[in-house]
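Asker: For the sequence shown, the residue numbers in my numbering are 4 to 540. Beta carbons: idealized from backbone N, C-alpha and C, even for Gly.
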Amino acid sequence: MGSPTSGSKRKKTTEKGLRMAATVKEMDGSQGFDAVVVCTSNAAQEAYWQERLEATRGQAAKAGAVIVAVHEDWAADGAGNGLGTLYAYTKAKAKAALQGADLDAVLASGGTVGIYHTAGKGTRLAPLPGAENNNKPGVKLPSLVEIAPGVTSELTILEAVVRQTGCYAPHRAGRCSVFWGDQIFVPAAGHLPSGSHHADILAQMGPMPSEEEWTLKGLDKYGLITVNDAGEAAQVEKVSFETANKLLASFGTVTSVGPSLGSFSLSHEMLAALLDEFKSEIAGKQAKMDSDPHFWMPLTLAKDAYVSVMITKDETAEAAGAHHDRMQAFRAKLPGTRGVFGAIDVGEGCYWWDYGQLKLYLTNNVLAMKDTEEAAALRDYLKIPDGGTQASELGAGVALAGGSIVLASKIGSGSVNNTIASHVTTGECNANGCMLINVTARKIHANNCIVYNVVDDSEDGLVLPDGAVVTNVFMESGDKLVQTSSVTTDGGKVFKSRLSANPYSFNDVYKMNQDTDVRAAYAKGAAAHAALAATIG
4 MGSPTSGSKR KKTTEKGLRM AATVKEMDGS QGFDAVVVCT SNAAQEAYWQ
54 ERLEATRGQA AKAGAVIVAV HEDWAADGAG NGLGTLYAYT KAKAKAALQG
104 ADLDAVLASG GTVGIYHTAG KGTRLAPLPG AENNNKPGVK LPSLVEIAPG
154 VTSELTILEA VVRQTGCYAP HRAGRCSVFW GDQIFVPAAG HLPSGSHHAD
204 ILAQMGPMPS EEEWTLKGLD KYGLITVNDA GEAAQVEKVS FETANKLLAS
254 FGTVTSVGPS LGSFSLSHEM LAALLDEFKS EIAGKQAKMD SDPHFWMPLT
304 LAKDAYVSVM ITKDETAEAA GAHHDRMQAF RAKLPGTRGV FGAIDVGEGC
354 YWWDYGQLKL YLTNNVLAMK DTEEAAALRD YLKIPDGGTQ ASELGAGVAL
404 AGGSIVLASK IGSGSVNNTI ASHVTTGECN ANGCMLINVT ARKIHANNCI
454 VYNVVDDSED GLVLPDGAVV TNVFMESGDK LVQTSSVTTD GGKVFKSRLS
504 ANPYSFNDVY KMNQDTDVRA AYAKGAAAHA ALAATIG
């Protein structure tokens, strides 16, 4: 089979396909937020992302963007994404001032700020985050970015999210936007504007369904946004049709409803008001509040409805009632120039490229080799050229087939079928149905495998069982750990269990890397790759 990137016939282009392709073409790194704030897990990751996102400006964040990486030094249980957003902005504002940038002034003058949360172990993506020394947002995708003149690296998941979401920036003057860093989506509705409400949230909206449709669509499994005939929105938890109607009894006529994406934006007035309202919690760094249950729900639900929900979350009625009173008093003080809470529709039939689980990481990367409109859009997004080969040296006998994508690689001989290879250096590669990312080995023999960040200097090379996942973890000391799994293993279910072939559990590796300087560890890995590559003809 020939590569779909090299002229094979595709079914007739549809109107939706053309529309989605046009939306993807906007996602090229040329537009974005005036300031990009990244909230990381520790000081070492903060230093890495400050340097990295500055290096890739124009390819992820827009050229000229102010980059501000911070880390969340909070109580052990974390701040939650509500207080965590406010704390990230507070820290970023202070750090940006040292760079000569005033984030408050950026927003007040109609500029834009994007905040990206990256916390979490990434258990279901294991063992890949461990191979990045716990730098989960640094997991690589098959796409090249230039990080220094003439030096390329893979686009990271975080950079991919920054590039994609930056398209909302031109439609959000004077607003602070908040995103999470493990999935890309192409909105079927295009990039719709914000501004009519102090806060708004991305959601996949549709008409209010019947009880039967509610169940068929599985709406009881999602946090939902509902909009009434006045254009105001409310947040409800994962509830049945009957419960939703009870909770919304005083809300008015529901005109549309849909699953929330969680990502929200705030007017600069509301951001300032939230920072003032929660200044004692921000200073104390002990409390934990998430945006859905602690901001949007008490702002939009009646008190009895809110309390009834929070009781199911092990909150006392007294505490829930007091928090509802607090947020309603907060609401009353907001300027009346806008609505309070609105929904920004992403449309039905979006493309969703989620990388938060190993099986989805595999599925949504091999998609790029398929012969569909969505696959073509993904290749365009990843900037994979027609033909699927970029910046690579392939021996005369190397056979490429099955839509294979080969980037920044040097392969002496062999057969590469239905395989993604990025930064692969090997004398011989016989791979079928694989993802090979940052691999240096004398030989590679693999079927349906993921090989990630691996240096193997054995004479026989990598000879892998079908469906294997193989990673290396380069420590600051220069030591190298080999951690394996399989493409059918859910890392979240075995995270604390040591798999028989591994010296440590994925959780052990996580603990070993909690204080790792990722830049130093990456340098050790790069040196190991370079040393072996120099010996491979």
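Please check the pair residue 532 and residue 458, which I expect to be a contact at CB under 8 Å, by giving their CB distance rounded to whole angstroms.
Answerer: On the sequence shown, position 529 is the one that residue 532 refers to. On the sequence shown, position 455 is the one that residue 458 refers to. About 6 Å separates the two Cβ atoms, so the contact holds.
Asker: Could you tell me which residues DSSP pairs with residue 186 in its beta bridges?
Answerer: Here residue 186 refers to the residue found at position 183 when the sequence shown is read from its first residue. In DSSP, residue 186 forms a bridge with 357.
Asker: Please specify which runs of the beta strand (DSSP E), each continuous and at least 3 residues long, are wholly inside the segment 285-370, giving them in chain order.
Answerer: Counting only runs of 3 or more, we get 342-348 and 354-357.
Asker: Looking at the structure shown, is residue 248 part of a helix, part of a strand, or coil, going by DSSP?
Answerer: Working through the sequence shown from its first residue, we reach residue 248 at position 245. In the structure shown, residue 248 sits in a helix (DSSP, three-state: H, G or I).
Asker: Which of the three DSSP states, helix, strand or coil, is assigned to residue 431?
Answerer: For this step, residue 431 is matched to residue 428 along the sequence shown. In this structure, residue 431 counts as strand in the three-state DSSP scheme.
Asker: Just confirm the distance between the C-beta atoms of residue 258 and residue 211, as a whole number of angstroms; I'd bet it's less than 8 Å.
Answerer: Taking the sequence shown and counting its residues from 1, one reaches residue 258 at position 255. Taking the sequence shown and counting its residues from 1, one reaches residue 211 at position 208. The Cβ separation is near 7 Å, so the contact holds.
Asker: Using only the alpha-carbon positions, how far apart do residue 5 and residue 365 sit?
Answerer: Locating residue 5 in the sequence shown gives position 2, where the first residue counts as 1. Locating residue 365 in the sequence shown gives position 362, where the first residue counts as 1. Confidence in residue 5 is poor, its pLDDT being 38 and thus under 50, which makes the residue's placement too unreliable to answer from.
Asker: Report the three-state DSSP secondary structure of residue 170 (helix, strand or coil).
Answerer: To locate residue 170, count along the sequence shown from 1; it is residue 167. Three-state result, residue 170: helix.
Asker: Using a 10 Å radius around the Cβ and a threshold of 16 neighbouring Cβ atoms, would you call residue 534 buried or exposed?
Answerer: Translated into positions along the sequence shown, residue 534 becomes position 531. Classification of residue 534: exposed, given that the 10 Å Cβ count is below 16.
Asker: Out of 73, 32 and 65, state which residue places its alpha-carbon closest to the alpha-carbon of residue 47.
Answerer: Numbered from its first residue, the sequence shown carries residue 47 at position 44. Comparing Cα positions, the closest option is 73.
Asker: Provide the residue span of the alpha helix (DSSP H) that contains residue 510, from first to last.
Answerer: Residue numbering aside, residue 510 sits at position 507 when the sequence shown is read from its first letter. Unbroken alpha helix (DSSP H) run through residue 510: 509-515.
Asker: Hey, which unbroken runs of the alpha helix (DSSP H) at 4 residues or more fall wholly within the segment 458-517?
Answerer: Runs of the alpha helix (DSSP H) inside the segment 458-517: 494-497 and 509-515.
Asker: Run through the segment 60-123 for me and flag every whole beta strand (DSSP E) of 3 or more residues, listed as ranges in chain order.
Answerer: Listed in chain order, the complete beta strand (DSSP E) runs (minimum 3 residues) inside the segment 60-123 are 69-74 and 116-120.
Asker: Please classify residue 446 as buried or exposed, where buried requires at least 16 other C-beta atoms within 10 Å of its C-beta.
Answerer: As a first step, residue 446 is located in the sequence shown; it is residue number 443 there, counting from the start. Buried, by the Cβ-count rule.
Asker: Is it right to say residue 237 is buried, meaning 16 or more other beta carbons lie within 10 angstroms of its own, or is it exposed?
Answerer: The residue given as residue 237 occupies position 234 in the sequence shown. Buried, because 16 or more other Cβ atoms sit within 10 Å of the Cβ of residue 237.
Asker: Give the straight-line distance between the Cα atoms of residue 206 and residue 374, rounded to the nearest whole angstrom.
Answerer: Along the sequence shown, one-based indexing puts residue 206 at 203. Along the sequence shown, one-based indexing puts residue 374 at 371. Approximately 29 Å, taken between the alpha carbons.
Asker: Using CA coordinates, which residue listed in 325, 528 and 223 is at the minimum distance from residue 246?
Answerer: For the purposes of this step, residue 246 is identified with residue 243 of the sequence shown, where counting begins at 1. If we check each option's Cα against that of residue 246, 223 comes out closest.
Asker: Pick from 68, 421, 332 and 415: whose alpha carbon is nearest that of residue 430?
Answerer: One-based indexing of the sequence shown puts residue 430 at position 427. That would be 415, whose Cα lies nearest to the Cα of residue 430.
Asker: Note down, in chain order, each residue of its chain lying with its Cβ closer than 7 Å to the Cβ of residue 255, except the 5 sequence neighbours on either side.
Answerer: As a first step, residue 255 must be located in the sequence shown, where it is residue number 252. Excluding positions up to five away in sequence, the list reads 231, 232 and 233.
Asker: Using a 10 Å radius around the Cβ and a threshold of 16 neighbouring Cβ atoms, would you call residue 19 buried or exposed?
Answerer: One-based indexing of the sequence shown puts residue 19 at position 16. Residue 19 comes out exposed.
Asker: Using the Cα positions of residue 466 and residue 450, report the straight-line distance between them to the nearest angstrom.
Answerer: Position 463 of the sequence shown, counting from 1, holds the residue named residue 466. Position 447 of the sequence shown, counting from 1, holds the residue named residue 450. Their Cα atoms are separated by approximately 10 Å.
Asker: Since I believe residue 370 is in contact with residue 381 (beta carbons under 8 Å), could you give me their beta-carbon distance rounded to a whole number of angstroms?
Answerer: Counted from its first residue, the sequence shown places residue 381 at position 378. Counted from its first residue, the sequence shown places residue 370 at position 367. The pair is a contact, with the Cβ atoms about 6 Å apart (cut-off 8 Å).
Asker: Under a Cβ-count criterion, where at least 16 other Cβ atoms within 10 Å of its own Cβ denotes burial, should residue 253 be classed as buried or exposed?
Answerer: Here the question's residue 253 lines up with position 250 in the sequence shown. Flag for residue 253 reads exposed.
Asker: Relative to the C-alpha of residue 332, which residue among 306, 177 and 472 is closest?
Answerer: As a first step, residue 332 is located in the sequence shown; it is residue number 329 there, counting from the start. Among 306, 177 and 472, the Cα nearest to that of residue 332 is on 306.
Asker: By Cβ distance below 6 Å, which residues in the same chain neighbour residue 292 in space, the five residues on each side in sequence not counted?
Answerer: The residue given as residue 292 occupies position 289 in the sequence shown. 83, 85 and 86.
Asker: Have a look at residue 129 and residue 433 and give me their C-alpha separation to the nearest angstrom.
Answerer: Locating residue 129 in the sequence shown gives position 126, where the first residue counts as 1. Locating residue 433 in the sequence shown gives position 430, where the first residue counts as 1. So the alpha carbons of these two residues sit roughly 25 Å apart.
Asker: What are the start and end residues of the beta strand (DSSP E) that includes residue 438?
Answerer: Taking the sequence shown and counting its residues from 1, one reaches residue 438 at position 435. Element bounds for residue 438: 438-450.
Asker: From this set, 26, 100, 140 and 142, which residue's C-alpha is nearest residue 170's C-alpha?
Answerer: Here residue 170 corresponds to residue number 167 of the sequence shown, with the count starting at 1. Taking only the C-alpha atoms, the option nearest residue 170 is 26.
Asker: Beta-carbon within less than 7 Å of residue 163's beta-carbon, same chain only, minus the 5 sequence neighbours each way: which residues are those?
Answerer: As a position in the sequence shown, residue 163 is number 160, starting the count at 1. Taken in chain order, the residues that qualify are 144 and 187.
Asker: Have a look at the DSSP bridge pairing and note the partners of residue 271.
Answerer: Position 268 of the sequence shown, counting from 1, holds the residue named residue 271. Note: residue 271 sits in no beta bridge, so no partner.
Asker: Which residue or residues does DSSP assign as beta-bridge partners of residue 48?
Answerer: Mapped onto the sequence shown, residue 48 falls at position 45. According to DSSP, which records beta bridges pairwise, residue 48 is partnered with nothing at all.
Asker: Short of 8 Å in beta carbon distance, which residues of its chain neighbour residue 99, apart from the five on each side in sequence? Order them along the chain.
Answerer: Here residue 99 refers to the residue found at position 96 when the sequence shown is read from its first residue. These residues qualify, in order along the chain: 38, 69, 71, 105 and 106.
Asker: What do you reckon, are the CB atoms on residue 270 and residue 341 nearer than 8 Å?
Answerer: Against the sequence shown, residue 270 aligns to sequence position 267. Against the sequence shown, residue 341 aligns to sequence position 338. Against a cut-off of 8 Å, the Cβ pair of residue 341 and residue 270 comes out as a contact.
Asker: Please go through the same chain and pick out, in chain order, the residues whose beta-carbon is closer than 8 Å to the beta-carbon of residue 545, but skip the five residues on each side of it.
Answerer: There is no way to answer for residue 545, as the model of the chain reaches only from 4 to 540.
Asker: How far does the alpha helix (DSSP H) with residue 214 in it extend, from its first residue to its last?
Answerer: For the purposes of this step, residue 214 is identified with residue 211 of the sequence shown, where counting begins at 1. Per DSSP, residue 214 belongs to the alpha helix (DSSP H) from 214-219.
Asker: My output table needs one value for residue 410: the three-state DSSP class, helix, strand or coil.
Answerer: As a first step, residue 410 must be located in the sequence shown, where it is residue number 407. If DSSP states are grouped into helix, strand and coil, residue 410 belongs with the strands.
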